[in-house]
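Numbering (our numbering), first residue to last: 277 to 785.
Think of the CB as a built atom: it goes at the ideal place given N, C-alpha and C, for glycine as much as any other residue.
Notes to accompany the following structure.
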């Protein structure tokens, strides 16, 4: 049995109503498994109810911003469910964060409460939080007052911590009186499908964090869409290898698995950034989509701002369009425009930026002007570049903010990287544009050779001259010893500006 969008009308699109339906349908079934414990759907409901009552009693309610700093596991699921039941805004935080990064996100997100485990893997989160906010050592109690995080009032750990923190038992104890049961029941009724429920932070090229907000309605609609696309059933077991603080771990794994009464299994390796693996015990199928009769679909494009995949291809990437599958099938309700406001792209095919509009699109980016990211018709500027091939199909070819303009020509770093990464002896290559007074930019590459490989700048250029137009061949090639030398964000994206500086420092005079 699975819960349907139409089971109880429009109210079914709020997460509290959805969670109640899951408990009623799958109560004794295992919901989430971690290395130390497992919880059934009923146990998730009971624990999150107790936590939700305590949060209400401690002054946390609708719209309050609650940050979660946990690895994948039962605590993450319980805290998420509790925040959604009371209409608070849940803001998952990266377990990769260093102290300065954590401080920036907590401040940018306007967190009121930060909930965290005391440690995860080999990381001490108590120490991390203390380093992020030096003022904690002299902060007043019980409510914090920090200039570096002006809205943060409480830090809650999963057990006893420093004097400036509270533990989860303190939260729960506030809601033990029976009146809080009635208050929680009423609070859940006040949560509307169009209330904002989740803010997912993702790294962009700007210095500021980027937080995309999603409503209860959008979350449930995407969950049901992907549940059906993947063909999940009650026998589905999902081994999660993507973190819950990113869209992939939530919408490609946890949420659609919960929607069918399946089991989500977390391991201590779950937040180390490896690729997601989804297994169905009943069919043994991989995570391809089969929602259309007689048609096997492969993922094409998705992003944090669309809450995951919104397009699929009917064939694998190939030939000159080997970056992604063609955009053949779209999530119902999604519209795509090709904004062809660039004169040319590479060989003059007329690329343009993809603009999207649809039911699971982010409502807004936190602290970013709507006019900066949406057009007048409500289409989101994705930053993805696409062209129409000879058959009229949309093909992804790169990113607008990555395009290198050299001597009047446009070069896609993705295309150059693709050719460089198949050169024998190249482990990984990253391509950027270097500022140049004469040409505007120079195509430049940082290459990590395979151990023992004997590569030179000229040998790489010789290979590329046979594969790329002359203006696409990097004029500057530098070598790095290890992939660890490439400057990366916590979400494993290349810091382009830092890479430009690194290449400049290594290039021959």
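Subject >> Residue nearest to residue 723 in terms of C-alpha spacing, selected from 695, 419, 377 and 358 >> reply: Your numbering for residue 723 matches position 447 in the chain shown. Out of 695, 419, 377 and 358, 695 has the C-alpha closest to the C-alpha of residue 723.
Original post:
If we count Cβ pairs, one from each stretch, closer than 8 Å, do we get three or more for the stretch 720-740 versus the stretch 748-766?
Top reply: yes
Original post:
How big is the Cα-Cα spacing for residue 381 and residue 470?
Top reply: Your numbering for residue 381 matches position 105 in the chain shown. Your numbering for residue 470 matches position 194 in the chain shown. So the two alpha carbons sit approximately 24 Å from each other.
**OP:** Quick one: residues in its chain with C-beta nearer than 8 Å to the C-beta of residue 644, no 5 flanking neighbours on either side, listed in chain order?
**Re:** One-based indexing of the chain shown puts residue 644 at position 368. Here the set comprises 486.
Subject >> Cutoff 7 Å; reference residue 710; Cβ partners in own chain excluding five residues on either side >> reply: Counted from its first residue, the chain shown places residue 710 at position 434. Cβ neighbours of residue 710 beyond the five flanking positions: 717, 718, 720, 752, 776, 779 and 780.
Original post:
At which residues does the beta strand (DSSP E) containing residue 588 begin and terminate?
Top reply: For the purposes of this step, residue 588 is taken as residue 312 along the chain shown, with counting starting at 1. Run containing residue 588: 587-589, per the beta strand (DSSP E) assignment.
Original post:
According to the Cβ coordinates, are residue 660 and residue 675 closer than 8 Å?
Top reply: One-based indexing of the chain shown puts residue 660 at position 384. One-based indexing of the chain shown puts residue 675 at position 399. Yes, the pair counts as a contact, with Cβ atoms nearer than the cut-off.
Original post:
Between residue 411 and the rest of its own chain, which residues show a CB-CB distance below 8 Å, the 5 nearest in sequence each way excluded?
Top reply: Here residue 411 corresponds to residue number 135 of the chain shown, with the count starting at 1. Answer for residue 411: 422, 423 and 424, listed in chain order.
Subject >> CB of residue 605 within 8 Å of CB of residue 573, strictly >> reply: On the chain shown, position 329 is the one that residue 605 refers to. On the chain shown, position 297 is the one that residue 573 refers to. Taking 8 Å as the Cβ cut-off, residue 605 and residue 573 qualify as a contacting pair.
Original post:
How many angstroms separate the CA atom of residue 455 from the CA atom of residue 335?
Top reply: Start at 1 with the first residue of the chain shown, and residue 455 comes out as number 179. Start at 1 with the first residue of the chain shown, and residue 335 comes out as number 59. The straight-line gap from Cα to Cα measures roughly 15 Å.
Original post:
Alpha carbon to alpha carbon, what distance is there between residue 475 and residue 342?
Top reply: The sequence position of residue 342 within the chain shown is 66, counting from 1. The sequence position of residue 475 within the chain shown is 199, counting from 1. Rounded to whole angstroms, residue 342 to residue 475 spans 10 Å at the Cα level.
Subject >> residue 500 (DSSP reduced to helix, strand or coil) >> reply: Position 224 of the chain shown, counted from the start, is the residue given in the question as residue 500. Looking at residue 500 - three-state DSSP - the assignment turns out to be helix.
Original post:
By the 10 Å Cβ neighbour count, where 16 or more other Cβ atoms means buried, how is residue 330 classified, buried or exposed?
Top reply: Numbered from its first residue, the chain shown carries residue 330 at position 54. Classification of residue 330: buried, given that the 10 Å Cβ count is 16 or more.
**OP:** With a threshold of 16 other CB atoms inside 10 Å of the CB of residue 578, please say whether the residue is buried or exposed.
**Re:** Sequence index remark: in the chain shown, residue 578 carries index 302 (1-based). By the neighbour-count rule (16 or more Cβ atoms within 10 Å), residue 578 is buried.
Original post:
Roughly how many whole angstroms lie between the Cα atoms of residue 326 and residue 357?
Top reply: Taking the first residue of the chain shown as 1, we reach residue 326 at position 50. Taking the first residue of the chain shown as 1, we reach residue 357 at position 81. When rounded, the distance between both Cα atoms is 11 Å.
**OP:** Please classify residue 465: is it buried, with 16 or more other beta-carbons within 10 angstroms of its beta-carbon, or exposed?
**Re:** Here residue 465 is taken as the residue at index 189 of the chain shown, counted from 1. Counting Cβ neighbours within 10 Å, residue 465 comes out exposed, since fewer than 16 surround it.
Subject >> Spatial neighbours of residue 350 in its chain, beta-carbon cut-off 6 Å, leaving aside the 5 residues before and after >> reply: Indexing the chain shown from 1 puts residue 350 at position 74. Excluding sequence neighbours, residue 350 sits near 308, 310, 313 and 315.
Original post:
residue 463 to residue 294, Cα distance in whole Å?
Top reply: Mapped onto the chain shown, residue 463 falls at position 187. Mapped onto the chain shown, residue 294 falls at position 18. Whole-angstrom Cα-Cα distance: 15 Å.
Original post:
Is the stretch 669-688 close to the stretch 587-601, with three or more CB pairs under 8 Å?
Top reply: yes
**OP:** Count the other C-beta atoms from every protein chain shown that fall within 10 angstroms of the C-beta of residue 784, then say buried if there are 16 or more, exposed otherwise.
**Re:** Counted from its first residue, the chain shown places residue 784 at position 508. Exposed.
Original post:
DSSP state of residue 766, grouped into three classes?
Top reply: What you label residue 766 is simply residue 490 of the chain shown in a count that begins at 1. Three-state result, residue 766: coil.
Subject >> N-terminal and C-terminal residue of the alpha helix (DSSP H) that residue 302 is part of >> reply: By 1-based counting over the chain shown, the position of residue 302 is 26. Run containing residue 302: 291-302, per the alpha helix (DSSP H) assignment.
**OP:** List the whole-angstrom C-beta distance separating residue 770 from residue 762, where the pair is believed to meet the contact cut-off of C-beta under 8 Å.
**Re:** To locate residue 770, count along the chain shown from 1; it is residue 494. To locate residue 762, count along the chain shown from 1; it is residue 486. So it is a contact: roughly 6 Å between Cβ atoms.
Subject >> Pair within 8 Å by beta-carbon distance, residue 397 and residue 378 >> reply: Residue 397 sits at position 121 when you count from the first residue of the chain shown. Residue 378 sits at position 102 when you count from the first residue of the chain shown. No, Cβ-Cβ distance for residue 397 and residue 378 is not below 8 Å.
Subject >> For residue 764 and residue 773, the rounded distance between their alpha carbons >> reply: Sequence index remark: in the chain shown, residue 773 carries index 497 (1-based). Sequence index remark: in the chain shown, residue 764 carries index 488 (1-based). Those two C-alpha atoms are separated by around 11 Å.
**OP:** Counting only the same chain and skipping the five closest in sequence on each side, list residues whose C-beta sits under 6 Å from that of residue 678.
**Re:** Residue mapping note: residue 678 aligns to position 402 of the chain shown, counting from 1. Around residue 678: 689.
Original post:
Leaving out five residues before and five after residue 542 in sequence, what residues of the same chain have Cβ atoms less than 6 Å from its Cβ?
Top reply: Here the question's residue 542 lines up with position 266 in the chain shown. 310, 348, 349 and 516.
Original post:
Three-state secondary structure (DSSP) at residue 564?
Top reply: Within the chain shown, numbered from 1, the residue matching residue 564 stands at position 288. At residue 564, the pLDDT of 44 sits below 50, so the modelled position is not reliable; the number obtained from the coordinates is stated separately. Coil at residue 564, not helix or strand.
**OP:** Inspect the CB distances between the stretch 366-375 and the stretch 411-420 and report whether three or more fall short of 8 Å.
**Re:** no
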